[in-house]
Amino acid sequence: MGALALWSLLPAASGQTVDAQFLQAGYAAPGPVEVAPGQLVTLFFRGIGRMPAGGMRNAQAQTVPLPETLAGISAWIQQLPRTSPYPLALLSVRQHNECEEASGQPVCLLTALRVQIPTELGAAVGKLTVTVDGSPSRTFLIRPVRDDAHVLTTCDLTWDTNPGSDCGRVAFHADGTAISESRPARRGETIVLYAHGLGPTIPRVATGTAAPAGVELVEAAARQLAVRFLALRNADGSLPRYVEALPADGGNAVVYAGLTAGQIGLYQVNVKVPELLEIPILCGGDTRSNAVAKVSSSKGTENVALCVAP
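Start counting the sequence shown at 31; every next residue gets the next number (my numbering).
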């Protein structure tokens with residue numbers, strides 16, 4: 031008996047292309063996309079055509095509350111037993127041609143929707159639908175999770191979604207300036223990290239609206255959030271989120287966690303740099319950072335590389 035074949039013969043090329051869209055590689059079919067209520071996130075679609083007049087779909091929200099339609103596109107999530115869907119608030123729409131040829135066929139166009147996931151979502155799996163010029167798409171499964179933490183990176187600040195970009199996470203002084211080699215943090219200073227998707231708040235802020243002052247994480251979400259500091263030269267501040275067990279005596283430098291007043295879906299985490307953090311080497315030259323803040327939530331840990339003065 032011959033060897034088991036795990037492939038089939040391909041038909042001869044017919045000279046025509048097919049409308050195939052590559053999803054991912056792995057050993058299981060793609061599951062529902064996980065998002066947290068209130069999270070700012072970018073949804074990517076292929077197969078959405080240009081504007082009726084022929085131009086690319088590019089638009090930026092100009093009003094608050096955020097609009098539910100931009101560049102002819104809107105989206106909503108349906109969750110049972112609720113009969114009416116939850117509309118997504120849209121911050122911006124961007125479209126570009128991914129194919130080598132300049133045909134501009136819908137299959138060649140990557141359409142990015144920067145949205146806020148509805149804060150009102152419950153725990154049940156929902157169905158996402160996008161409409162283009164009034165025509166609805168098929169549905170896509172969405173699984174709400176309590177938190178889906180994402181510490182802001184340099185690419186988030188400019189909405190750079192190029193997978194080849196170097197997107198290091200950033201930390202800020204209380205006055206809003208970025209921590210850098212020339213402006214390092216100091217031991218004992220309270221610095222600020224910004225994030226999306228940290229979870230539910232008290233009170234809950236309506237989708238697409240700016241947060242008032244004093245909106246904090248609910249206790250259950252706050253208990254899952256921890257930040258600890260280590261002296262570490264040139265830590266990888268763009269390392270993907272990973273799972274790391276927190277030591278029992280690791281401490282927690284979080285002073286405050288909640289929504290940033292006047293912003294939409296933007297969390298801030300105020301953390302105090304430990305007074306006793308040992309700094310064996312200064313930033314400068316080949317030393318781009320000399321410490322790392324490890325931000326941990328229920329989904330794992332993210333590294334924020336930074337400079338700390340002695």
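The beta carbon of each residue, even a glycine, is placed where N, CA and C say it ideally should be.
{"query": "In whole angstroms, what is the alpha-carbon distance linking P230 and E305?", "result": "31 Å"}
{"query": "Can you round the beta-carbon distance between A240 and G206 to whole angstroms, since I take them to be within the 8 Å contact cut?", "result": "The pair is not a contact, with the Cβ atoms about 17 Å apart (cut-off 8 Å)."}
{"query": "Exposed or buried, N27, counting other C-beta atoms within 10 Å across all chains shown (16 or more means buried)?", "result": "Residue numbering for the chain in the displayed model covers 31 to 340; residue 27 lies beyond these limits and cannot be assessed."}
{"query": "Leaving aside the five residues before and after L262 along the sequence, list all residues of the same chain whose C-beta is less than 6 Å from its C-beta, in chain order.", "result": "V322"}
{"query": "Taking all protein chains shown into account, decide if Y57 is buried (16 or more other Cβ within 10 angstroms of its Cβ) or exposed.", "result": "exposed"}
{"query": "Does DSSP put A119 in a helix, a strand or coil?", "result": "strand"}
{"query": "Between the C-alpha atoms of G288 and L100, what's the straight-line distance to the nearest angstrom?", "result": "29 Å"}
{"query": "With 16 as the cutoff for other CB atoms within 10 Å, does P67 come out buried or exposed?", "result": "buried"}
{"query": "Should the segment 186-201 be regarded as contacting the segment 156-167, the criterion being three or more beta carbon pairs within less than 8 Å?", "result": "no"}
{"query": "Could you tell me the boundaries of the beta strand (DSSP E) in which A332 lies?", "result": "Strictly speaking, residue 332 in this sequence is Glu, with Ala absent from that position. Taken as a continuous stretch (DSSP letters only), the beta strand (DSSP E) holding E332 covers G330 to L336."}
{"query": "Taking buried to mean at least 16 other C-beta atoms within 10 Å of its own C-beta, is L139 buried or exposed?", "result": "buried"}
{"query": "Please go through the segment 203-270 and give each complete beta strand (DSSP E) segment of 3 or more residues, from N-terminal end onward.", "result": "220-226 and 256-261"}
{"query": "If you follow the beta strand (DSSP E) that S104 is in, where does it begin and where does it stop?", "result": "I103 to Q108"}
{"query": "When the Cα of G77 is compared with those of I172, V301 and T141, which residue comes out closest?", "result": "T141"}
{"query": "Does E332 pass the burial test, meaning 16 or more other C-beta atoms within 10 Å, or should it be called exposed?", "result": "buried"}
{"query": "Is E332 close to the ligand HEM? I mean its beta-carbon at under 7 Å from any heavy atom of the ligand.", "result": "Among the components modelled here there is no ligand, and therefore nothing to report on the ligand HEM."}
{"query": "What residue range does the beta strand (DSSP E) around Y272 cover?", "result": "Taken as a continuous stretch (DSSP letters only), Y272 belongs to no beta strand (DSSP E), as it is neither H nor E."}
{"query": "Just to check my reading of the structure: R144 and T72 have Cβ atoms closer than 8 Å, yes? What is that Cβ distance to the nearest angstrom?", "result": "5 Å"}
{"query": "My understanding is that L187 touches Y297, with C-beta atoms under 8 Å, so please give their C-beta distance in whole angstroms.", "result": "In fact, because the Cβ distance is near 15 Å, the residues do not count as touching under 8 Å."}
{"query": "Quick one: which unbroken beta strand (DSSP E) runs of 3-plus residues sit fully inside the segment 287-313? Chain order, please.", "result": "297-302"}
{"query": "Round the Cβ separation of H226 and G152 to the nearest angstrom and send it over; I've been treating them as touching at under 8 Å.", "result": "Not a contact, Cβ separation roughly 20 Å."}
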